[in-house]
Amino acid sequence: MIEIRDVTETDYMEWLRLFDLYLQFYNSSLPEEVKKSTFYRSLDYNVPMWSAIAISSETGRPIGLVNYLRHVSTWSTQDKIYMNDLYVDESQRLQGVGKALIDYVYAKADSMETPEVYWCTSTSNHRAQLLYCKVGVFADKVIYKRLPSS
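The working numbering numbers the first residue of the sequence shown as 875 and each following residue consecutively.
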């Protein structure tokens, strides 16, 4: 059994542990101030961004996280939800934690009347893609990023 809930201020250290593992998974890093800002913005009622954690019923510890945000769209009169980060502790994968986190975001999106939820993943993250094909549809899009300043 997995409990999914919104983060609270007291979750910062566990959220940070999971977020750091997520960044390591993608061979990335972020400055501490960015991570702290991300967490605290998810608690700010004036910012349309949220974070939730999955809690293990066996240990009572967080084993997964999801960060998501709401934004306007030029292609719809309804806002959309972008699921920015999804991570499940490696020892807990293939046990339904990722799906539970996605279902939580879907339920939150429905409650906000913003049913469109989308996300992206690395082309090499095949295990995640196996889950994503069960809970969503492939969007056939390619993402580009701005070149770094020279």
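Glycine residues also receive a C-beta, built at the ideal position from the N, C-alpha and C atoms.
In the DSSP output, what is residue i paired with across the bridge?
i, result
"I955", "R944 and V991"
"Y961", "L939"
"W924", "Y942"
"R879", "I927"
Have a look at the options and flag the residue whose alpha-carbon is nearest the alpha-carbon of residue i.
i, options, result
"S947", "G972, V991 and G938", "V991"
"R935", "T995, M887 and S996", "M887"
"V881", "N901, Y1018, S911 and A928", "A928"
"R944", "L892, I876 and S985", "S985"
"R909", "Y961, W889, Q1003 and F899", "Just to set this straight, residue 909 is Lys in the shown sequence, not Arg. The shortest Cα separation from K909 among Y961, W889, Q1003 and F899 belongs to W889."
"E964", "E883, F893 and M875", "F893"
How would you call residue i, buried or exposed, if buried means at least 16 neighbouring beta carbons within 10 angstroms?
i, result
"N941", "buried"
"V1027", "Lying before the first or after the last residue shown, residue 1027 is absent from the chain, which here runs from 875 to 1024."
"D885", "buried"
"Y1006", "buried"
"Y919", "exposed"
"F1012", "exposed"
"L968", "exposed"
"M875", "exposed"
Ordered along the chain, which non-local residues of its own chain (more than five positions away) have a Cβ less than 6 angstroms from that of residue i?
i, result
"L895", "none"
"S930", "I937"
"Y978", "I878 and A926"
"V962", "G938, V971 and G972"
If I measure Cβ to Cβ from residue i and keep anything under 8 angstroms in the same chain, skipping five residues before and after, which residues do I get?
i, result
"R915", "V921 and M923"
"Q952", "E987, T988, P989 and E990"
"E932", "none"
In its own chain, which residues sit with a C-beta less than 7 angstroms from the C-beta of residue i, not counting the 5 before and 5 after it?
i, result
"L897", "S903 and L904"
"H1000", "none"
"A983", "I955, P989 and V991"
"Q1003", "T995"
"V1009", "K973 and I976"
"I1017", "C994"
Check the Cβ-Cβ distances between residue i and every residue of chain B, and say whether any is below 8 angstroms.
i, result
"S996", "In the structure shown, chain B cannot be found, because there is only a single protein chain."
Segments of 4+ residues assigned as alpha helix (DSSP H) that fall wholly inside the segment 885–912
Segments of the alpha helix (DSSP H) lying fully in the segment 885–912: 886–899.
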